[in-house]
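If you read the sequence shown in my numbering, its first letter stands for residue -12, the second for the next number, and so on.
Note that the Cβ used here is the ideal one computed from N, Cα and C, for glycine as well.
For clarity, every value in this text was computed on a predicted model and none was experimentally measured.
Here the structure is laid out as structure tokens; the discussion comes afterwards.
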Amino acid sequence: MVEAVQDAGVVVTGAGGGIGAALARRFAAEGAQVVVNDLDAAKAKAVAEEIGAIAVPGDASTIVAEARDALGGTIDVYCANAGLPSAGSESADEKVWALAWDVNVMAHVRAAQELLPAWLERGSGRFVSTVSAAGLLTMIGAAPYSVTKHGAYAFAEWLSLTYRHRGVKVHAICPQGVRTDMLDATGSAGDLVLQPTAIEPETVADALFAGIEEDRFLILPHPEVAGYYQVRAAEPDRWLTNMNHIQQKWEATR
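Structure below.
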């Protein structure tokens, strides 16, 4: 058992399936009191009933107060997991860009606005951001997703550097492909780049809990991402050339 989460009040957004459901199950198994959030009320209720949690369906941007009340007044851990796999290029409709920004970035910002006053006052709190390896690297065929996931990572990083001395712990989970409905939605680009090394959602939960025990900010369920990230930083042109080769390979299959 991970002592840091025993008896903690935990909220997991987008927890009706996939990574969110795996996180909710793991927190419950570790002795936490869990709120399961999802836009799909039936899915949220099903997961909550399975693990003995509380379902609070709705838009992840708006449920912090209700979730806090459901947990008896205190949220100790907030998992900003809900996300959109928005595909498209620079020419994607502005509504696609706006929705991706709203869900993948601003939902995290809004949650932090509500959570931080209490956390800073008491000197403790834990914010878990499900980002993506796309937030460290990029993803072919998905400009809105890649750009907003970079934003989600940047916000998590900013929270950590700003508030870690005041007791707020932040974790950014950055997996590559995970076997979920979201992966299925990535189509041929995901088939090429993500499916070959895709992992189960439970493996992502395992990686997070290892990171919590080690008090690590960056959670890499695919450890090889660290190497890609290093090349991207140290040799950007080499990295971009390699990614462009993947782009060309994808274009040849379409």
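Residues in the same chain with beta-carbon distance under 8 Å from residue i, minus the five sequence neighbours each way, listed in chain order, please.
i: Thr240; result: Ser175 and Leu179
i: Asp202; result: Lys156
Any idea if residue i is buried or exposed, counting beta-carbon neighbours within 10 angstroms, 16 or more meaning buried?
i: Gln163; result: buried
i: Val218; result: exposed
i: Lys30; result: buried
i: Lys82; result: exposed
i: Ile233; result: exposed
i: Pro131; result: buried
i: Thr184; result: exposed
i: His152; result: exposed
i: Thr0; result: buried
i: Asn91; result: buried
i: Ser78; result: exposed
i: Asp168; result: exposed
i: Glu17; result: buried
i: Pro208; result: buried
i: Ala143; result: buried
i: Gly5; result: buried
i: Ala213; result: exposed
Which residues in the same chain as residue i place their Cβ atom closer than 6 Å to its Cβ, once the five residues preceding and following it in sequence are excluded?
i: Gln8; result: One detail in the question is off: residue 8 reads as Ala in this sequence, not Gln. Counting only Cβ-Cβ distances below 6 Å, and skipping sequence neighbours, we find Ala2 and Val34.
i: Val115; result: Cys66 and His158
i: Ile50; result: Asn24 and Val43
i: Trp88; result: Thr135
i: Asp27; result: Gly3
i: Gly138; result: Val92
i: Ser147; result: Val157 and Phe204
With H, G and I counted as helix, E and B as strand and the rest as coil, what does DSSP make of residue i?
i: Ser175; result: helix
i: Gly122; result: helix
i: Ile233; result: helix
i: Gly75; result: strand
i: Ala159; result: strand
i: Glu81; result: helix
i: Arg241; result: coil
i: Glu37; result: helix
i: Leu247; result: Any property of residue 247 remains undetermined from this structure, which presents the chain solely from -12 to 241.
i: Gly60; result: coil
i: Gly214; result: helix
i: Ala47; result: coil
With residue i as the anchor, note down where its beta strand (DSSP E) starts and where it stops.
i: Ser247; result: An answer regarding residue 247 cannot be provided, because it is not within the stretch -12 to 241 covered by the chain.
i: Phe114; result: Gly112 to Thr117
i: Ala2; result: First-last for Ala2: undefined, no H or E at that position.
i: Ala67; result: Val64 to Ala67
Starting from the C-beta of residue i, find all residues in its chain whose C-beta is less than 7 Å away, skip the five residues before and the five after it, and write them out in chain order.
i: Glu189; result: Ala9
i: Ser133; result: Ala121, Thr125 and Met126
i: Ala15; result: Val21, Ile38, Gly39 and Ala40
Starting from residue i, trace the alpha helix (DSSP H) in both directions and tell me its first and last residue.
i: His209; result: Counting along the chain, His209 falls outside any alpha helix (DSSP H), and DSSP gives it neither H nor E.
i: Gly198; result: Pro188 to Glu201
i: Val52; result: Checking the sequence shown, residue 52 turns out to be Ala, not Val. First-last of the alpha helix (DSSP H) with Ala52: Val51 to Ala57.
i: Ala98; result: Ala94 to Arg109
Going by DSSP, name the residue or residues bridged to residue i.
i: Gln20; result: Gly(-4)
i: Ala42; result: Val23
i: Val(-11); result: According to DSSP, which records beta bridges pairwise, Val(-11) is partnered with nothing at all.
i: Val165; result: Ile186
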